[in-house]
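In our numbering, the protein residues as written are 125 to 168.
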């Protein structure tokens, strides 16, 4: 749960990807993600 201004700032893209991968890896068990490719995301 991030502020809209934080999500809209391109400087935060790497941190957001790391946060998302961390949450996803909690549910994946042994099959951990090493990289995440986000082609596009929209902030509204």
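Even glycine gets a Cβ: it sits at the ideal position worked out from N, Cα and C.
Coil, strand or helix - residue i by DSSP
{"i": "residue 130", "result": "helix"}
{"i": "residue 136", "result": "helix"}
{"i": "residue 154", "result": "coil"}
{"i": "residue 166", "result": "coil"}
{"i": "residue 149", "result": "helix"}
{"i": "residue 144", "result": "helix"}
Between the CA atoms of residue j and residue i - distance to the nearest angstrom
{"i": "residue 133", "j": "residue 155", "result": "30 Å"}
{"i": "residue 164", "j": "residue 144", "result": "14 Å"}
{"i": "residue 148", "j": "residue 157", "result": "8 Å"}
{"i": "residue 129", "j": "residue 142", "result": "18 Å"}
{"i": "residue 167", "j": "residue 137", "result": "12 Å"}
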